[in-house]
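Participant: In my numbering, the protein residues as written are 34 to 224. First, the structure itself, so that you have it in front of you.
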């Protein structure tokens, strides 16, 4: 039988041949101890999600421009009369609904691809790779307004501000939602 390390049969018995794990251990140097959890978490967050989003958006945008250009050229050529015919008598086949549907699809693809590329570019510029990075950027932009406050405290402040602007109507709606949550929570605990 063909062995892993030698291509022909060998005269050694199976007990004399080294095991693959032993060979690997002799070839490779011993591994250093694993990194502390903070460093491992820091390297895990640097997965360049922003760069992936930008490159994906760039490729998608290039593809959408190619598709749009091809559709435009095809429509322009369909409107041109054949060489030996009069332009007066030429009537191209036109389906308004299908042309409108195609134009809507092309516009949607172009807008989505451009927004994907733009959001990736903004994320690259701000060096944002995760939701935590975005929170740090947003908290830094508040310039001390939210310093040292938790998300719950900030939500309460926003709710108070909105209730002061909108008045009693918002308070009534907020109370209804709180009552609905109170009635839903005991049902979830029993099931």
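Virtual Cβ for every residue (Gly too), placed ideally from N, Cα, C.
Tell me whether the stretch 145–153 and the stretch 93–109 touch, counting them as touching only if at least three CB pairs, one residue from each stretch, are closer than 8 Å.
Facilitator: Verdict: yes, contact present.
Participant: Nearest by alpha-carbon distance to residue 135: which of 97, 209, 214 and 202 is it?
Facilitator: Per the Cα distances, 97.
Participant: Considering only their Cβ atoms, is the gap separating residue 156 from residue 83 smaller than 8 Å?
Facilitator: Their beta carbons are under 8 Å apart, which means residue 83 touches residue 156 by this criterion.
Participant: Please return the same chain residues whose Cβ sits closer than 7 Å to the Cβ of residue 104, not counting the five positions on each side in sequence.
Facilitator: Cβ within range, chain order: 135 and 139.
Participant: Given this structure, state the Cα-to-Cα distance separating residue 109 from residue 125, to the nearest angstrom.
Facilitator: Approximately 11 Å between the Cα atoms of the pair.
Participant: Buried or exposed: which applies to residue 78, given that a residue is buried once 16 or more other Cβ atoms fall within 10 Å of its Cβ?
Facilitator: Unreliable positioning characterises residue 78 in this predicted model, as indicated by a pLDDT of 48, which lies under 50. The coordinate reading is nonetheless provided below. So residue 78 ends up on the exposed side.
Participant: Count the other CB atoms, across all protein chains shown, that sit within 10 Å of the CB of residue 162; report buried if there are 16 or more and exposed otherwise.
Facilitator: Residue 162 should be labelled buried.
Participant: My output table needs one value for residue 80: the three-state DSSP class, helix, strand or coil.
Facilitator: Residue 80 falls in the coil class under three-state DSSP.
Participant: Candidates 168, 204 and 133: which alpha carbon is nearest residue 187's?
Facilitator: Among 168, 204 and 133, the Cα nearest to that of residue 187 is on 168.
Participant: On the three-state DSSP scale, how would you describe residue 94?
Facilitator: DSSP places residue 94 in helix when its eight states are reduced to three.
Participant: Alpha carbon to alpha carbon, how far is residue 129 from residue 198? Give it in angstroms, no decimals.
Facilitator: So the alpha carbons of these two residues sit roughly 48 Å apart.
Participant: Assuming residue 196 contacts residue 204 under a Cβ cut-off of 8 Å, what Cβ separation, rounded to an integer in Å, is found between them?
Facilitator: Contact holds; Cβ gap of about 5 Å.
Participant: Would you check if the distance between the CB atom of residue 86 and the CB atom of residue 153 is smaller than 8 Å?
Facilitator: Going by C-beta atoms, residue 86 is nearer than 8 Å to residue 153.
Participant: With distances taken from CA atoms, which of 141, 212 and 111 is nearest residue 100?
Facilitator: Selected option, being the one with the closest Cα: 141.
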